[in-house]
Amino acid sequence: MSDTLVPHRALGLTDAEYELICDKLGREPNAVELSMFSLMWREHCAYKHSKKLLHQLPTEGPYLLMGPGENAGAVDVGDGLAIAFKVESHNHPSAVEPFQGAATGVGGILRDVFAVGARPIAVLDSLRFGELDSARSRYLLEHAVGGIGHYGNSIGVPTIGGELYFESPYEQNCLVNAMALGIAQHDRLTRSAATGPGNALILFGALTGRDGIGGASVLASAELGDADADKRPTVQIGDPFAEKKLMECSLELLDRELLVSLQDLGAAGLTSSSSEMASKGGLGLDIHVDRVPLREPGMEPFEIMVSESQERMLCVVEPARVDDVLAICAKWETTATVIGEVTDSGRLRVLSGGDVVGDMPVAALVDDCPLYDLAPEKPSAPIYPTPRRVLESDDPRDALLALLSSANLADRRPVFEQYDCLVQSRTVRRPDDADAAVLLLTTPSGGGAPTGADGTHPAIAVSIDGSGRRVACDPYRGTVEAVLECAANLACVGAEPLGLTNCLNFGNPEKPHIAWQLSESVRGMADACRALDVPVVGGNVSLYNEGPEGPIYPTPVVGMVGRLPDAARAGRLGFAVEGDAIAFAGPFTPSLPGSELAKLRGEPLPDGLPEADVGAVRRAQEVVREAVRHGEIRSVHDVAEGGLAVALAECCLGGGLGAQVDFRGAGAEGEPLLETLFGEGPGGFVLSGPRPALAALAREIQLTFVGEVVGDALTLTLDDGAALSWSLAELDAARARGIADALEDV
Amino acid sequence: MSQRIRVLVRPKAGILDPQGQAVERALPALGFEGVENVHVGRLIELDVADPSQVADMCEKLLANPLIEDYEIVEA
Amino acid sequence: MRFGVLRFPGTCDEVDAQLACERVGEAVILWHGDTDLQGVDAVVVPGGFSYGDYLRVGAIARFAPIMESVIAFARDGGPVLGICNGFQVLCEAGLLPGALLPNRTLRFVCRQVNLVVVHADTVFTNACEEGERLSIPAKHTTGCWYAPPALHEQVEANGQVLLRYAPGENFNGSLADVAGVRNEAGNVFGLMPHPEHAVDPLTGSVDGLKIFQSVANHVGAAHV
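Protein chains in written order, with the numbering used here: chain A, 1 to 746; chain B, 747 to 821; chain C, 822 to 1045.
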């Protein structure tokens, strides 16, 4: 029989999985039960291909308050405060409807944060699209950015950072990863386990409609083909105004200690939220679907259980508190209904009009989904096409301008100006001010910033960094680099990393070469986290990101939160004072293969990347961090895409000041000029400041004085005495149009 | 017995209408020529018991008379 | 000196406004559903997306119970400051001239802008000097100030324009670069940029503090 005629296969379950379900139930599942199992046992909910791998990741640390398994993880940031944070993907919905896909991605991650009792204080986003010469990529960029801005701005949470890349493997499978942070007092962090048989289950928030029925989960476990127009009716529509009210309502309910537990509704709606609450509590739930307030008439029980209508939460409440809860919801104009109760049956029962229409053991839904071992195999031939050559010239002068004009390095102002980065009055470093965003740690109720005894203002720093092309070159080392990059960005503002969240975006793990990418990448992430002593607090996995043209680059995305003792000393990246000395610092070994310049020159991806000395990189980050905290270094910038020359250009443009830089003898013996100028790798920093302040660092890490901040041009003196020079105006003009033109064109 | 009423709200003539201009610019790019004078407004539909009140509703809430004109249509 | 900062469903910058006010006096949050202004000396209608900007920006908030009290307070000469969405609400309520239209580019823009103080002898700008430049962030989608020609002429002739965007900095297309305008009586003022986001040296410029200081100065002088 064809798959469409066999219900369980049409819903994506294998025959073996179906047999297992029958075994767990002791009979065949009915339609309601089958639809619920098909969603809970899909990749997106069950992590069946990745769970075993993820156990490698370190999840303990001295600052860890809540690790993986809850709606969001949390770290201790001092003064009795906690920061809850997580990153999640919304890739497939965004490929179908980018505005709503990105908007609801933001909405979903915000709910995860306030579900643990933390007031959301920031959003960051990591976006990857195909090259900008494709109308489709420009369309996705415009609308995804619009959706993020629409949702974040309307709900009053600042979008303070992000990253944006364009590579042809993402053409058919864009990546939209949204990260959120929230702040709470330690003792206010809330868990989601349902406890107390006899307690009431209350659904509050928006009405339930047919949004996303079979949506996110189905899309996330299927490779996108040409028929995605048919998937349009299953896309969720977000309403940030509804979520603003829902958020204030939830936080007030928690503040008044009216809730036993709280859970948000995301992928697979009521099914996943209720079963996870029951599973964590080791209990059961009875849900009366006829009590669920509906937006559309005549919805069937299975539709109500799998609907992905946005802006809804579930809570468990003691019977004596129910009226108080309903009154607070009414105050916030938020619909609230008692739809069920906690039982000690260990089963999830779905009732309609008194009839039991579904009855499953909770453990079967949540814990008993089979987990699969990957069968990794390193590919014997390149998987990805060679990037198209766009830079013909070998002249380093042209190369810098070409890099700055390229979509991966051009000015991102046209994007981040669409985001409110200021609301909540915490933002100390705005996008482009520094390598990481910096936020004041004010108390959750909004009183003035806590001040240390010496008048300091504690703050947190956050950065989101992923890597695709370099991970494709070397999944293990490329992932190690991504983790190091994120920590380096935090060091640049003076922050010590406290915890990390990650989103693993990969192709189809049932294919051996993708399984290899995934295994190697997770191994790299685990090793890098251990080497830096940064625990993983939680994260997300998005698999099956591939189409007929092939898979995306393997793309681990890392979000890190750190703490700095004094916001007044937060680092900046732009040169600040004429006459300041400029130095290169750290164990940086530039390498061209796999770099941005290599991409522009149309070079094939190398098989493997050089190994980094992670210990030395860590020490350099610590030294830089302490120097920034000491307050005498004027600017710090991490060397990343485009290497040293691009980093220097960014420091000049950031501060509006030029530089004279001597590259004579800068390169290693026999190193080609282009490699010295544009080679990439971890561990490099560009510093500026008074000469004695920089000299003091030379005792602790490699440091070379290379020039001074001066004038209105960037001038590099080369080995043969020749000089390369670009005026600030020329550098600015090169960078100005890359993204701006793409946005205006749509 | 309630009646179905439609209210069309549009920008007053002469007011800057950036949404209308954006649509007017976008149409030729899709191959549609000869389109001018595009304006973008709002449609509000209501079931009302007393249709004579609708004009007042427009004046007070549904439209901003400083910048918008409205037209009441019985559906 | 006590400020009252309004909070509607969807308001986002009320706590920011409260923090700014608390640098020059005391401040309480006033809930949209109440009518009691709690004896405050000045009212601030803050920024955000009240009622999701549904129907028209500020169109629904303008009818909140608290607004009846604010309108009466304003008619009695009480100082009322409207910021961004607050400016939109006050225009809808008829307390300020003109209306706010979508930005010329139809996009939300968050950017630090320079404003020029046109008149300094007012309730809201007495801590500034005429011609002084203030660096204050603006963040909005619907900030293009408009008035029909006759009304605009009247507003200019009466000296009701207190702040203009400095040359080259008007990104929303506001008529005559108007960034902030007062009513005829001079006790109600609305501006699209956010002075409450320019009060703390840790987060940027402190030029916005002058607006709040001006109101405090005015109230202080009135009580002497």
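Idealized CB from N, CA, C, for every residue including glycine. This one's a predicted model, so the numbers in the text were calculated from it and none came from an experiment.
query, result
"Inspect the CB distances between the stretch 155-171 of chain A and the stretch 110-125 of chain A and report whether three or more fall short of 8 Å.", "yes"
"Under a three-way DSSP split, which group does Q975/C fall into?", "helix"
"Give the straight-line distance between the Cα atoms of V537/A and R111/A, rounded to the nearest whole angstrom.", "17 Å"
"Classify M305/A: buried if its beta carbon has 16 or more other beta carbons within 10 angstroms, exposed otherwise.", "buried"
"Could you pull out every residue in the same chain whose Cβ sits closer than 7 Å to the Cβ of L789/B, ignoring the five residues on either side in sequence?", "R752, L754"
"Determine the extent of the beta strand (DSSP E) in which N177/A is found, giving its start and end residues.", "175-185"
"In whole angstroms, what separates the C-alpha of H785/B from that of S995/C?", "19 Å"
"Can you tell me whether I155/A is helix, strand or coil according to DSSP?", "helix"
"Can you give me the C-alpha to C-alpha distance between T1024/C and R429/A, rounded to a whole angstrom?", "7 Å"
"How big is the Cα-Cα spacing for G198/A and S274/A?", "15 Å"
"I need the straight-line Cα distance from G952/C to A987/C, nearest angstrom please.", "10 Å"
"Could you have a look at R823/C and say whether DSSP puts it in helix, strand or coil?", "strand"
"Quick one: Cα of T14/A to Cα of F506/A, how far?", "22 Å"
"With which residues is E820/B paired in a DSSP beta bridge?", "I751/B"
"Along the chain, where does the beta strand (DSSP E) containing M247/A start, and where does it finish?", "Unbroken run through M247/A is the alpha helix (DSSP H), 240-255; no beta strand (DSSP E)."
"Between the C-alpha atoms of L911/C and V866/C, what's the straight-line distance to the nearest angstrom?", "8 Å"
"Would you decide whether P535/A is buried or exposed? Buried here means 16 or more other CB atoms lie within 10 Å of its CB.", "buried"
"Can you look up W754/A in the DSSP assignment and give me helix, strand or coil?", "Past the edges of chain A, shown from 1 to 746, lies residue 754/A, and the structure says nothing about it."
"Rounded to whole angstroms, what's the CA-CA distance from C652/A to G658/A? Just pull it up for me.", "5 Å"
"Helix or strand or just coil, what does DSSP make of Q859/C?", "coil"
"Among A695/A, E311/A, C249/A, P293/A, whose alpha-carbon lies nearest the alpha-carbon of L265/A?", "E311/A"
"With 16 as the cutoff for other CB atoms within 10 Å, does E680/A come out buried or exposed?", "buried"
"Measuring only the C-alpha atoms, how far is P431/A from A437/A?", "7 Å"
"In three-state DSSP terms, what is L718/A?", "coil"
"Could you give the first and the last residue of the continuous beta strand (DSSP E) run that contains I828/B?", "This structure leaves residue 828/B out entirely; chain B is present only between 747 and 821."
"Tell whether a beta-carbon distance below 8 Å holds between A46/A and P98/A.", "no"
"By the 10 Å Cβ neighbour count, where 16 or more other Cβ atoms means buried, how is T386/A classified, buried or exposed?", "exposed"
"Please specify which runs of the beta strand (DSSP E), each continuous and at least 3 residues long, are wholly inside the stretch 503-558 of chain A, giving them in chain order.", "536-542"
"In terms of residues, what are the limits of the beta strand (DSSP E) holding V709/A?", "703-709"
"Using three-state DSSP, classify H853/C as helix, strand or coil.", "coil"
"List, in chain order, every chain C residue whose beta-carbon is nearer than 8 Å to that of K245/A.", "P830, G831"
"Starting from the Cα of E318/A, find the closest Cα among P297/A, I202/A, Y372/A, I328/A and give me that residue.", "I202/A"
"Which residues of chain C have a Cβ atom closer than 9 Å to the Cβ of S425/A, listed in chain order?", "D834, V836, D837, L840, A841, E1017, H1018, V1020, D1021, T1024"
"By Cβ distance below 6 Å, which residues in the same chain neighbour A740/A in space, the five residues on each side in sequence not counted?", "P414"
"At which residues does the alpha helix (DSSP H) containing H92/A begin and terminate?", "91-96"
"Does A1037/C have its Cβ less than 8 Å from a Cβ in chain A?", "no"
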